[in-house]
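What follows is one structure encoded as structure tokens, with my remarks underneath.
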Amino acid sequence: MTEEKPVVAFLGPKASYTHQATIDNFPSAAYDLSPQITIEDVFNAVQNSTAYRGVVPFENSTNGSVVFTLDLFADLNSKYPDILVCGEAYVKVKHCLLGNQGKFGGGPSTPAIIESPLSSGAVTPTILNPLPTKPSARPIGDLRGIKRLYSHPQAWGQCKSFLNTYLKGVERLDVSSTSRAAEIVAGDGSGESAAISSGIAARIHGLGILARGIEDRGDNETRFFVIGRATTAANGISEHPDTTINTATQNYKSLISFTVDHNNPGALAHSLSVFEKYGLNLTSINTRPSGTENWNYIFFVEIKGRRLEDGEGEGAVNQALGDLKDVCRGFRWLGSWENRLGRER
Ligand SMILES: O=C(O)C(=O)C[C@]1(C(=O)O)C=C[C@@H](O)C=C1
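Residues in the sequence shown are numbered consecutively from 707, following my numbering.
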């Protein structure tokens, strides 16, 4: 009898960038990769143990945080008490414009470049945008019939220059992922819609590539988190799902969320100072609405270092969290994982 493979849930459908991050870290020979419709579905699958791990987008180098993911970590309705980050992955993101025109893009049937005043990529300066940037990509298909654009909201902010130059004023429709956008466009026979998605999605859905490399920055990259479910030890303390600690590198990061008393001057500064006290480098800070009162926030910090499990002694992160408890309103340790930034992948 063949053994069942552990399930890894990811934001799908197939050919999303999250799928790419998942394949890179969980080979399908050893894992059962399970596409989900939303990031929330991935959290649910891990929380209710239908999946052993989940992969979700967290942050893009050009466009910043994925707020859907942050809001799930904020967990205002206490739906995900056991979710912890146990890994990270970086994927280079090269966006294409996909459409029904010029199917089999890149091949012999690709239409010739349609010359128009727009083909130069020049953008007229305006008062609001006096120094418009010129996109490095040019269309390789006819964009004139496009009336609707579909993509994940993160993608718009990564392709501003191309969109402002070649598709200004075209309606933009947010969908759950870039590969879902490709799926929708493939099902729209009108030829009036296009998607920002990947070259792999074009192949899977038989779409034409109307432009390649339309992201503003050539080094565009998205960071993904691998999430797992904490096991609760007999003493009630959450234990990290990842038991394989790489003691050779000692290069870890941790994610912590906390809230402060907004009426107390210095409350945020006091909370942050506990990390400085124990020599912990703060690598990012984010905020989201607290959900309790207008203009109150939940803060997220990432620090270098990992929380040690019981019996491993009092590490700097453990000590900082011990102090944080006394200066903030409430906090949650959301996991520690090996730092993959700059590592070959
Ligand atoms: O839509 C996808 O393909 C995703 O995997 C999501 C996502 C994101 O949320 O950041 C991932 C990478 C890109 O930054 C654009 C979208």
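Backbone N, C-alpha and C define an ideal beta-carbon position, used for all residues, glycine too.
| message | Below 6 Å, is the gap between the Cβ of Y856 and the nearest heavy atom of ligand 1? | response | Outside the cutoff, so no.
| Between which two residues does the beta strand (DSSP E) harbouring K798 extend? | Unbroken beta strand (DSSP E) run through K798: I789 to K798.
| query | Exposed or buried, what is E999 when buried is set at 16 or more other beta-carbons lying within 10 Å of its beta-carbon? | reply | Label assigned to E999: exposed.
| said: According to DSSP, simplified to helix, strand and coil, what is D730? | reply: Here D730 carries a helix assignment [DSSP, helix/strand/coil].
| message | Strictly by DSSP, which residues pair up with W1039? | response | Bridge partners of W1039 according to DSSP: I962.
| request: List the endpoints of the continuous beta strand (DSSP E) containing P841. | output: Segment: none, P841 is in no beta strand (DSSP E) and carries neither H nor E.
| task | Examine ligand 1 and report whether any of its heavy atoms sits within less than 6 Å of the Cβ of V1007. | result | V1007: no, Cβ never under 6 Å from ligand 1.
| task | Could you check what DSSP says for E982 in three-state terms: helix, strand or coil? | result | In this structure, E982 counts as helix in the three-state DSSP scheme.
| Can you pull every residue whose C-beta falls closer than 6 Å to some heavy atom of ligand 1, listed in chain order? | Every residue passing the under-6 Å Cβ criterion appears here: L717, S722, Y723, T724, P763, N766, V772, V799, H858, Q860, A861, S883, T884, S885 and T928.
| Taking three-plus beta-carbon pairs below 8 Å as touching, is the stretch 732-741 in contact with the stretch 778-788? | Judged by Cβ distances under 8 Å, the stretch 732-741 makes no contact with the stretch 778-788, as fewer than three pairs qualify.
| Roughly how many whole angstroms lie between the Cα atoms of S882 and I745? | Answer to the nearest angstrom: the Cα atoms are 8 Å apart.
| request: Rank F964, L803, G893 and E794 by C-alpha distance to the C-alpha of L1027 and give the top, closest one. | output: Nearest C-alpha to L1027 among F964, L803, G893 and E794: F964.
| request: Tell me A715's beta-bridge partners as DSSP assigns them. | output: Its beta-bridge partners are S740 and G760.
| field | For V932 and A795, believed in contact at Cβ under 8 Å, the rounded distance | value | Contact flag correct, Cβ pair sits at about 7 Å.
| request: Take V1023 as the anchor and find which of F1006, N987 and W1001 has the nearest alpha-carbon. | output: Of the candidates F1006, N987 and W1001, the one whose C-alpha sits nearest the C-alpha of V1023 is N987.
| task | Could you check the C-alpha separation between S990 and Q726 for me, to the nearest Å? | result | Distance between the alpha carbons of S990 and Q726 is about 25 Å.
| field | Inter-residue Cα distance where the pair is G897 and S996 | value | In this structure, the straight-line span from the alpha carbon of G897 to that of S996 is close to 43 Å.
| task | With DSSP collapsed to three states, give me the class of K1010. | result | Assigned with DSSP and collapsed to three states, K1010 falls in strand.
| Contact set for L1030: own chain, Cβ-Cβ below 7 Å, skip 5 residues either direction | F964, S977, V980 and F1037, listed in sequence order.
| request: Look up N766 in the DSSP assignment and give the residues it is bridged to. | output: In DSSP, N766 forms a bridge with G770 and T928.
| Is it buried or exposed for L916, if we count other Cβ within 10 angstroms and need 16 for buried? | That one is buried.
| Runs of alpha helix (DSSP H) wholly within the stretch 837-898 (minimum 4 residues, chain order) | Qualifying alpha helix (DSSP H) stretches, in chain order: 859-862, 866-872 and 884-892.
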